[in-house]
Amino acid sequence: MLEIAYIRQNSEDVITRLAVKHFDAKAVIAEILSVDENKRAIQTKLDDVLSQLNKASKEIGDLYKAGKKQEADELKNKTTAWKQEITSLEGDLKKADQDLQDKAVLLPNLPNKNVPKGKTPEDNEVVFKHGDIPQLPESALPHWELTKKYDLIDFELGVKIAGAGFPVYKGKGAKLQRALINYFLDKAAEAGYMEIEPPILINKDSGFGTGQLPDKEGQMYHVTLDDLYMIPTAEVPITNIYRDVIVDEESLPIKNCGYTPCFRREAGSYGKDVRGLNRLHQFDKVEIVQIQHPDKSYATLEEMREYVAGLLKSLELPFRTLRLCGGDMSFASALTYDMEVYSGAQKRWLEVSSVSNFETFQSNRMKLRFKGGKDKPRLAHTLNGSALALPRIVAAILENNQTEKGIRMPKAIVPYTGFEMIS
RNA sequence: GGAGAGAUGGCAGAGCGGUUUAAUGCGGCGGUCUUGAAAACCGUUGAACCUUCACGGGUUCCGGGGGUUCGAAUCCCUCUCUCUCCGCCA
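In the numbering used here, the protein residues as written are 11 to 433.
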């Protein structure tokens, strides 16, 4: 959520920058400014009347103590009108505040100056490329054939147990999952991230804090009996650890990571995009999260991008890094890099990581602040990235490394899998 | 699931209608003393919002919401959460 004070002082800038995200903010901003002004007028008035009442109450107490009952009673009568006014003003204030909140929540985060102007995924800017596109023989199989051939993943069995999009990993397929999770967590620890194992169900406040609620309610599984949501990413519980917290400036940056399964309803998805491991309702992911000083958050974003690139290199996967254009960015992000690996048999790029700086968009919702010395608390910047999402990594490894004799494992994870080949 | 207890400032912990503008202790910060440190002593110690060019002034916050009252941390209602015991259970 954007800060109201910022909107008040920079309304033109907000409108211009939101246009990059193809969001026409003109009308909403005008409404916000007007409601905000009205709200402040109400509050000034209310504070004034409350102040009078407080003063009178004190006097009444003193008068009673001094035995001047009659004077006290007279003063009491005066308060009736004030109390009515207070009730009325409080109602107005609450309404104005709610109104303001409702409108402000509709505004996406402001894109950073470096965000390309485009509208569709084609307009994303390729900022980095690594590795050669694998030249596989015509007989090369897509991963959903390979997983069947080597009995690694049973998609039909998942349908029986839960439904489409809930694969059952078996044998070396399951072991590969576990190996990748451990590998990613170990690498993150080496890079200074503290491992967290968070709850995978979250409450409404947490969903609001990171921006999933209220807009994306339909994307999450909702456990209605207890009013909890299954996490779509570890970002939600790990970032919400710091909701309503004021951290010491010296403790920045805070670097956390965690492995969790992730659950997404993916309502409306269909076609070949959802084939095999390409899009699932449940998948495994290791997430990295940082909380950083506003002055340093963009350096941190680059550092995180480099970190994820390093992981992909170590897995010997060809990949490219995209800077997302205004039209393709998420609601909450100020700047996002997507990392895509090339999946040789499908002959397409698959997104395996998304690294974003949210600036104060999440921290303002969460009231996550930092404080140094005698300075006033300020909103911190939050960042996160996948490091990495497993299914598409697995898809690319299986497809790109297939040979006549079986599927070769990248060297880096052999110590974790305990096998070099799947055959 | 049953029974009971509780929710107060960074933490611990008083307060149970108007000397609370929240006692006291610990912690934190500053100082005195000291070659330095410790101890001791003194001072200081939150957040949000409104208003003001500024100095300052005002309002709100004792789990959330509502009520009683001129006045609520304190009384009433309600919700949520936590703890203890019992039951069940990985």
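Beta carbons: idealized from backbone N, C-alpha and C, even for Gly.
| Query | Result |
| --- | --- |
| Under the three-state DSSP convention, the category serine 353 falls into | strand |
| Expected contact under 8 Å - CB spacing of phenylalanine 194 and leucine 398 to nearest Å | 6 Å |
| For methionine 240, the first and last residue of its enclosing alpha helix (DSSP H) | Counting along the chain, methionine 240 falls outside any alpha helix (DSSP H), though it belongs to the beta strand (DSSP E) covering 238 to 240. |
| Contact under 9 Å by Cβ, arginine 188 with tyrosine 426 | yes |
| Beta-bridge partners of aspartate 258, as assigned by DSSP | Lys381 |
| When Asp196, Ile191, Trp154 and Ala199 are compared against proline 9, the one with the closest alpha-carbon | The requested residue 9 does not occur in the structure, where the chain is confined to residues 11 to 433. |
| Sequence-distant residues of its chain with Cβ nearer than 6 Å to leucine 73 (five each side left out) | Glu81 and Ala82 |
| Straight-line gap, glutamate 452 to leucine 103 (C-alpha atoms, nearest Å) | In the structure displayed, the chain extends from 11 to 433; residue 452 sits before or after that span and is not available. |
| Beta-carbon separation (whole angstroms), serine 324 vs alanine 406, contact threshold 8 Å | Not confirmed; about 14 Å, so no contact. |
| Delimiting residues of the beta strand (DSSP E) encompassing arginine 330 | 329 to 333 |
| Buried/exposed call for valine 233, threshold 16 Cβ in 10 Å | exposed |
| Pick from Leu393, Met339, Lys306 and Arg388 that is closest to proline 131, judged by C-alpha positions | Met339 |
| Burial state of isoleucine 70 (16 or more Cβ within 10 Å) | buried |
| Cut-off 6 Å between Cβ atoms - residues of its own chain near serine 373, not counting five sequence neighbours on either side | Leu389, Ala390 and Thr392 |
| Beta-bridge pairing of histidine 232 - partner residues as DSSP gives them | Tyr239 |
| Minimum C-alpha distance to glutamine 111 - residue among Arg375, Met349, Leu186 and Asp57 | Arg375 |
| Boundaries of the beta strand (DSSP E) in which arginine 418 is found, first to last residue | 416 to 418 |
| Boundaries of the alpha helix (DSSP H) in which phenylalanine 371 is found, first to last residue | 371 to 376 |
| Cβ neighbour criterion (16 or more within 10 Å) applied to isoleucine 435 | Residue 435 is absent from the model: the chain starts at 11 and stops at 433. |
| DSSP bridge partner residues for glutamate 316 (one or two, in chain order) | Beta-bridge pairing links glutamate 316 to no other residue. |
| contact_flag[the region 210 to 218, the region 236 to 252] where n(CB pairs < 8 Å) is 3 or more | yes |
| CB contact flag (proline 420, glutamate 326, <9 Å) | yes |
| Integer-rounded CB distance, given that leucine 262 should sit under 8 Å from histidine 291 | Contact doesn't hold; Cβ gap of about 36 Å is too wide. |
| Whole-angstrom C-beta distance between leucine 151 and glutamine 412, which should lie under 8 Å | 7 Å |
| Range covered by the alpha helix (DSSP H) that runs through asparagine 134 | Taken as a continuous stretch (DSSP letters only), asparagine 134 belongs to no alpha helix (DSSP H), as it is neither H nor E. |
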